[in-house]
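Asker: In our numbering, each residue's number is its place in the sequence shown (first place is 1) plus 686.
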Amino acid sequence: MLDIDEEISKDLKIGIMDDIFVTGFPLKTNTTPNKFPIYKGATIASEPDIFNSLPMFYIDGKTKSGMSGSPVIKKDNTIKTIATPTGITLNQGRIGLAGVYSGRDRQEKDEYEAELGIVWRLKECLLPILESASS
């Protein structure tokens, strides 16, 4: 389960050409091997820190319908060591929430031409919604 307060307090660095993942159900939940979401890889295709009027950026990846509203995550290369109850030590990168996927940009002439998806930034877009809902 994601702790929104913790995610917002993280200083996740994202940049153009970073690899990210959109998690969701591109087909139907009963077509995945175990009813868990699919992690579709994508690349940040536009500058995520510079935007005109809307706090969003483009990703380049083959996302599908059924993934709208999915979290967009980035695995940070910072290594975190985790000790397990069995004594096994795991090293894993930190995972951070970059935003929420909302679908394809349909400005292209052909639907398969650009394959750009839209991601709404966490801090500039989702935080105000969450704050207004809690007040």
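Quick reminder that beta carbons are idealized off the backbone N, C-alpha and C, glycines included.
Please classify R780 as buried or exposed, where buried requires at least 16 neighbouring CB atoms within 10 angstroms.
Answerer: Exposed: under 16 other Cβ atoms inside 10 Å.
Asker: For the alpha helix (DSSP H) containing L802, name the first residue and the last one.
Answerer: Careful: L802 lies outside any alpha helix (DSSP H), inside the beta strand (DSSP E) at L802 to R807.
Asker: Please confirm whether A731 and I702 have their CB atoms less than 9 Å apart.
Answerer: Yes, the pair counts as a contact, with Cβ atoms nearer than the cut-off.
Asker: Indicate the three-state DSSP secondary structure (helix, strand or coil) for I724 in the structure shown.
Answerer: Residue state, collapsed to three classes: strand.
Asker: For my contact list, L802 and I745 are in at a C-beta cut-off of 8 Å; report their separation, rounded to the angstrom.
Answerer: Sure, about 7 Å apart at Cβ, within 8 Å.
Asker: Closest to P723 by CA distance: which of D705, D704, K750 and I700 is it?
Answerer: When only C-alpha atoms are compared, the closest one is K750.
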